[in-house]
Structure formats: structure tokens, C-alpha cells
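Participant: Pasting a structure here, questions to come.
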Ligand SMILES: CC(C)(COP(=O)(O)OP(=O)(O)OC[C@H]1O[C@@H](n2cnc3c(N)ncnc32)[C@H](O)[C@@H]1OP(=O)(O)O)[C@@H](O)C(=O)NCCC(=O)NCCS
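Numbering (the working numbering), first residue to last: 191 to 378.
This is how it looks when you write it as C-alpha cells:
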């Protein structure tokens, strides 16, 4: 009981720390925890599902950014949904009046992202994926794989075929076994 009250108090404090963001999110599910030392640009562009934990030291520059449910993210996350435009002749890049191009990022359900990961625009990390520490995500990550590297690529499946079939059914996945296989093969 005392433990539950303490946890509730900590969650309220966490919410107060980022009150300016929580009130602006386009959607914010239950049990969303943002740790210390975070910065978010354009929070109104963010939809968050339930049970999302982002560890300390994050920077998120958002545009059509979606988080599903049950997501764990390690320290020092960077999400950049924007790039500078770089091809105007005769003008320093920082003097362009419309200096940015934007793209979406989607993180589907049940994803674990390790420490020091950077995610760039126009990417989707699909359901059940793991992104290893110090990776750069600049392309889609297939469902239920372990991916890492710079750039991050699917290295191996998370489950054996038999376990994957059972898991997809138990969690009522949006993917069939064949679809998971297809995404994995397409990415390697
Ligand atoms: C991706 C990860 C989950 C894989 O764990 P694992 O299955 O136990 O993998 P292993 O340690 O057995 O490594 C297998 C191979 O992958 C390589 N590898 C593992 N993670 C890597 C990473 N993030 N980047 C590059 N290579 C990696 C290993 O060097 C090893 O290569 P080798 O076979 O040539 O020796 C883990 O390495 C990782 O990055 N975890 C994140 C930890 C973290 O950031 N925690 C913060 C709190 S959320």
C-alpha cells in the first residue's frame, strides 16, 4: 500500500516536471513516464500510447510522431523528424527562410530501444523489435527482430518460428507469421 502511494507520488512529480508537454501532446495514454533532462520540440505532433517509458537525456524533434503501447527506451534517445534543406545555390544553409523538411516516425507496440539511439525521419520501428545500443535508425526496422548498428539493420529474429507463432496469437498481433517473415527477409 505504502509502496503504491510512493509510486503514485513519483509519477505525479514526473508529470509536473513536464507539465508543459503533457498538456500539449495530441494524445497521451496511461502510465507514460518521461525521465529527467529531456527536450521536446513540437509536442503537439506526438501521439503516445499506454506504458511508454523514456529514460533520461532525450531530445525529440517531432513531426507526426507516434508511440504505440508498451515501449521501453534507454537513455540519450534522439528522434529527429526534420532535416535541413541543403541545396539552395548562393545562400548559407542557415539563412534559408523555409529551412526544414519534415517526416514521420512511428514506434509500434512492444518495442525496446537501447541507450544512445538516434532515429531519423520517415522511419517505422515495427512491433516487437529491439534496437541495440548506439544504433542509427534511418530505415524501417522489421517486426520481432533484433536490430543494431550504424545504420541499424535487422540481425536476427527475436523468437524461434514456433515461439513466434504462439506469441503473435497470444498478444493478438497486427502481424501474421508470414508478414513477420516477409518484413525480415525484405530487410536483409
Ligand atoms: C541488441 C542487444 C539486445 C543484443 O543482446 P544479445 O542478444 O545478448 O547480443 P550479444 O551480446 O550476444 O551480441 C551478439 C553479437 O551482436 C553484437 N552486438 C550486440 N549489440 C550490439 C550493438 N548494440 N551494436 C553493435 N553490435 C552489437 C555483439 O558484438 C555480438 O557480435 P559477435 O557475434 O560478432 O561477437 C544488446 O546488445 C543491446 O544493445 N542492449 C541494449 C542495452 C541498453 O542500451 N540498455 C540500456 C537500458 S534500456
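Just so you know, even glycine gets a beta-carbon here, dropped at the ideal spot from N, CA and C. Since the structure is predicted, the reported quantities are computational estimates derived from the model, not experimental observations.
Do residue 342 and residue 329 have their C-beta atoms closer together than 9 Å?
Facilitator: Closer than 9 Å, so yes.
Participant: Consider the Cβ of residue 208: report whether some Cβ of chain D lies at a distance smaller than 9 Å.
Facilitator: Absent here is chain D; the protein component of the structure consists of one chain.
Participant: Using the C-alpha atoms, what's the distance from residue 234 back to residue 260?
Facilitator: About 21 Å.
Participant: When the distance is taken between beta carbons, is residue 327 closer than 9 Å to residue 302?
Facilitator: Not a contact, by the Cβ cut-off of 9 Å.
Participant: Can you check whether the CB of residue 256 is closer than 9 Å to the CB of residue 380?
Facilitator: The chain is shown from 191 up to 378; residue 380 falls before or after that span and cannot be answered.
Participant: Measure the C-alpha to C-alpha separation of residue 307 and residue 291 and round it to an integer number of angstroms.
Facilitator: Approximately 21 Å between the Cα atoms of the pair.
Participant: Residue 373: beta carbon under 8 Å from a heavy atom of ligand 1?
Facilitator: No, Cβ of residue 373 sits at least 8 Å from all heavy atoms of ligand 1.
Participant: To the nearest whole angstrom, what separates the beta carbons of residue 297 and residue 258, a pair I think is in contact under 8 Å?
Facilitator: Correct: roughly 6 Å between the Cβ atoms.
Participant: Quick check on the burial criterion: 16 or more other C-beta atoms within 10 angstroms. Buried or exposed for residue 215?
Facilitator: Residue 215 comes out buried.
Participant: Span of the alpha helix (DSSP H) holding residue 345?
Facilitator: Looking at the DSSP string, residue 345 is not in any alpha helix (DSSP H); the run it does join, the beta strand (DSSP E), is 343 to 347.
Participant: Looking at residue 331 and residue 337, is the spacing between their C-beta atoms short of 9 Å?
Facilitator: Against a cut-off of 9 Å, the Cβ pair of residue 331 and residue 337 comes out as a contact.
Participant: Specify, as a first and last residue, the run of the beta strand (DSSP E) that residue 429 falls within.
Facilitator: Any property of residue 429 remains undetermined from this structure, which presents the chain solely from 191 to 378.
Participant: Taking residue 378 and residue 344 to be in contact with their CB atoms under 8 Å, please state how far apart those CB atoms are, rounded to whole angstroms.
Facilitator: At roughly 6 Å, the Cβ-Cβ gap stays under 8 Å, so residue 378 and residue 344 are in contact.
Participant: Let me know if residue 199 comes out buried or exposed under the rule of 16 or more other beta-carbons within 10 Å of its beta-carbon.
Facilitator: The residue is exposed, with fewer than 16 neighbouring Cβ atoms inside 10 Å.
Participant: Can the beta-carbon of residue 270 be found closer than 9 Å to that of residue 310?
Facilitator: Yes, these two residues count as a Cβ contact at 9 Å.
Participant: Measure the beta-carbon distance from residue 317 to residue 376 and round it to whole angstroms, keeping in mind my assumption that it falls under 8 Å.
Facilitator: The pair is not a contact, with the Cβ atoms about 16 Å apart (cut-off 8 Å).
Participant: Whose CB is closer than 5 Å to a heavy atom of ligand 1? List the residues in chain order.
Facilitator: Going by the Cβ distance cut-off, the answer is 264, 304, 305, 322, 323, 338.
Participant: Along the chain, where does the alpha helix (DSSP H) containing residue 376 start, and where does it finish?
Facilitator: 367 to 377 is the span of the alpha helix (DSSP H), which, as asked, contains residue 376.
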